[in-house]
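Asker:
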Amino acid sequence: MNERQVPKGYVLLANEKDNLSFDSVSSLAQRLHFHTINEENLPIDSLPKLIFENNQWRVFTDDRKATVGVDFFLPSFYSRLSRQGSEKENVVRAVKGRNKAELPLSVLDATAGFGHDGFLLANAGCQLTMVEKNPLLAFLLAQAIHRVANSDDIIAEVASRIIFHEGDSVDVMKNWQGRRPDVVYLDPMYRVTEQEPRRGLKKTAAVKKNMAFLQQFAAHNSVAEDQLLFKSAIEMAGSKVVIKRAPGAEHLALQTPASSIEGKSARFDIYPL
């Protein structure tokens with residue numbers, strides 16, 4: 004990008020030990036509309052900074068103690084991937100219900116975010132299409148899926164059930180070709196006033212960092228955008244729409260669900276068709 008343009012963030016030029024070419028780093032920066040920069044010249048501001056460490060790209064803002072990334076191998080998440088355990092996850096219960104079909108359930112995760120819910124669904128046997136419109140978050144998620152798919156770990160099979168797209172989910176649904184997904188899953192960005200902390204819920208440090216990242220860098224939908232997202236999902240889904248909300252939050256687009264599954268940290272509203 005033109006150096007005179009205001010960057011959306013920075014990509015730190017890698018050390019030689021990271022085995023990354025300048026061209027690959029520069030290409031990444033251009034794609035995200037970031038500037039490449041050496042660490043000694045890194046400005047102190049709130050813009051996101053991408054750094055390559057431990058064989059993956061991560062984002063930090065004020066200091067490296069607040070790094071954010073997508074890593075499905077993290078023990079806190081990996082431990083949730085046993086088949087028996089995943090079936091007990093509320094998101095899996097809400098999406099799969101009592102489905103006994105021989106064919107795997109096809110699911111469109113239209114607001115993939117950090118990809119945790121989608122990965123849990125794929126781990127439970129669903130065929131997943133993930134869509135994320137935020138370019139930085141989409142990049143982090145795509146590299147995490149790629150890392151799993153190219154590993155020799157048992158969860159590489161999970162990644163084989165995931166197709167990932169970067170883009171606006173409403174556009175993706177509008178231009179969808181082929182068989183419609185059985186379920187459309189939505190986890191739209193919570194507005195600050197809808198967040199769980201006001202209800203006294205405890206969060207892990209990782210969850211807090213991820214939420215802070217989303218609040219700072221991911222766009223909130225307007226009411227009209229929420230309504231369009233809901234309408235598009237209803238028109239797209241073959242059997243139902245499932246929407247994740249914060250406990251106590253209003254229903255998306257003020258549409259009352261047929262039922263809900265309540266958890267300590269989230270509520271899953273179910274709209275059968």
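Residue numbering for the sequence shown follows this note's numbering, starting at 4 and increasing by one per position. Where is the CB? At the ideal position from N, CA and C, for every residue including glycine.
Look up arginine 96 in the DSSP assignment and say whether it is helix, strand or coil.
Answerer: Sequence index remark: in the sequence shown, residue 96 carries index 93 (1-based). Arginine 96: helix per DSSP, three-state reduction.
Asker: Less than 8 Å between the CB atoms is what I'm expecting for threonine 114 and aspartate 190, so what's the real figure, rounded?
Answerer: Looking up residue 114 in the sequence shown gives position 111. Looking up residue 190 in the sequence shown gives position 187. Confirmed, Cβ separation roughly 5 Å.
Asker: Can you grab the Cα-Cα spacing for the pair serine 79 / alanine 215, in whole Å?
Answerer: As a working mapping, residue 79 is identified with position 76 in the sequence shown. As a working mapping, residue 215 is identified with position 212 in the sequence shown. Going from the Cα of serine 79 to the Cα of alanine 215 covers about 19 Å.
Asker: Whole angstroms is fine: what's the gap from alanine 125's alpha carbon to isoleucine 165's?
Answerer: Numbered from its first residue, the sequence shown carries residue 125 at position 122. Numbered from its first residue, the sequence shown carries residue 165 at position 162. Their backbone Cα atoms lie some 7 Å apart in a straight line.
Asker: At what residues does the beta strand (DSSP E) containing aspartate 247 begin and finish?
Answerer: For this step, residue 247 is matched to residue 244 along the sequence shown. Correcting the residue type first, residue 247 is lysine in the shown sequence and not aspartate. Its beta strand (DSSP E) spans residues 243 to 248.
Asker: With 16 other CB atoms within 10 Å as the buried threshold, where does proline 275 fall?
Answerer: Taking the first residue of the sequence shown as 1, we reach residue 275 at position 272. Burial call: exposed.
Asker: Could you tell me which of Arg183, Asp171, Leu84 and Arg101 sits nearest to serine 109, measuring between CA atoms?
Answerer: Numbered from 1 along the sequence shown, position 106 holds the residue referred to as residue 109. When each option's Cα is compared against that of serine 109, the closest is Arg183.
Asker: Would you list the residues sitting across from phenylalanine 63 in a DSSP beta bridge?
Answerer: Residue 63 sits at position 60 when you count from the first residue of the sequence shown. In DSSP, phenylalanine 63 forms a bridge with Lys52.
Asker: Does the beta-carbon of valine 226 have 16 or more other beta-carbons within 10 angstroms, so that it is buried, or is it exposed?
Answerer: Indexing the sequence shown from 1 puts residue 226 at position 223. It counts as exposed.
Asker: If we call anything under 8 Å between Cβ atoms a contact, is alanine 145 one with alanine 152?
Answerer: Taking the first residue of the sequence shown as 1, we reach residue 145 at position 142. Taking the first residue of the sequence shown as 1, we reach residue 152 at position 149. No; because the gap between Cβ atoms is not below 8 Å, this pair is not in contact.
Asker: Looking at aspartate 272: is its Cβ nearer than 8 Å to the Cβ of isoleucine 246?
Answerer: On the sequence shown, residue 272 is found 269 positions in, with the first residue counted as 1. On the sequence shown, residue 246 is found 243 positions in, with the first residue counted as 1. A contact, by the Cβ cut-off of 8 Å.
Asker: Under 6 Å Cβ to Cβ from alanine 141, same chain only, skipping five residues before and after it: list those, please.
Answerer: To locate residue 141, count along the sequence shown from 1; it is residue 138. So the qualifying residues of the chain are Glu135 and Glu169.
Asker: Go through its chain and collect everything with a Cβ distance to glutamate 42's Cβ below 6 Å, but skip five positions before and after it.
Answerer: On the sequence shown, residue 42 is found 39 positions in, with the first residue counted as 1. Excluding sequence neighbours, glutamate 42 sits near Leu15.
Asker: Smallest Cα separation from leucine 217: which of Pro51, His36 and Pro10?
Answerer: Locating residue 217 in the sequence shown gives position 214, where the first residue counts as 1. For the residues Pro51, His36 and Pro10, the minimum Cα distance to leucine 217 belongs to Pro51.
Asker: If the criterion is Cβ atoms closer than 8 Å, does the pair phenylalanine 75 and phenylalanine 122 meet it?
Answerer: Along the sequence shown, one-based indexing puts residue 75 at 72. Along the sequence shown, one-based indexing puts residue 122 at 119. Yes, these two residues count as a Cβ contact at 8 Å.
Asker: With a CB to CB cut of under 7 Å and the five nearest residues on each side skipped, what residues in its chain are close to valine 187?
Answerer: The sequence position of residue 187 within the sequence shown is 184, counting from 1. Within the same chain, valine 187 has close Cβ partners Leu111, Ala113, Ala236, Met239, Ala240 and Val244.
Asker: Which same chain residues end up closer than 6 Å to glutamate 92 when comparing Cβ atoms and leaving out the 5 residues on each side of it in sequence?
Answerer: Mapped onto the sequence shown, residue 92 falls at position 89. Cβ neighbours of glutamate 92 beyond the five flanking positions: Leu123.
Asker: In the DSSP output, what is tyrosine 274 paired with across the bridge?
Answerer: Position 271 of the sequence shown holds residue 274. Tyrosine 274 pairs with Val244.
Asker: Tell me the residue span of the alpha helix (DSSP H) that contains leucine 143.
Answerer: If you number the sequence shown from 1, residue 143 lands on position 140. Leucine 143 -> alpha helix (DSSP H) spans 138 to 152.
Asker: Taking the straight line between their C-alpha atoms, what separation do you get for arginine 101 and histidine 119?
Answerer: On the sequence shown, position 98 is the one that residue 101 refers to. On the sequence shown, position 116 is the one that residue 119 refers to. Their backbone Cα atoms lie some 22 Å apart in a straight line.
Asker: Label lysine 99 either buried or exposed according to how many other C-beta atoms from any shown protein chain fall within 10 Å of its C-beta, with 16 as the threshold for buried.
Answerer: Locating residue 99 in the sequence shown gives position 96, counting from the first residue. That one is buried.
Asker: For phenylalanine 80, list the residues DSSP reports as bridge partners.
Answerer: Counted from its first residue, the sequence shown places residue 80 at position 77. Answer by DSSP bridge pairing: none, since phenylalanine 80 is not bridged.
Asker: Does the beta-carbon distance from alanine 249 to alanine 269 come in below 8 Å?
Answerer: The sequence position of residue 249 within the sequence shown is 246, counting from 1. The sequence position of residue 269 within the sequence shown is 266, counting from 1. Cβ atoms of alanine 249 and alanine 269: closer than 8 Å.
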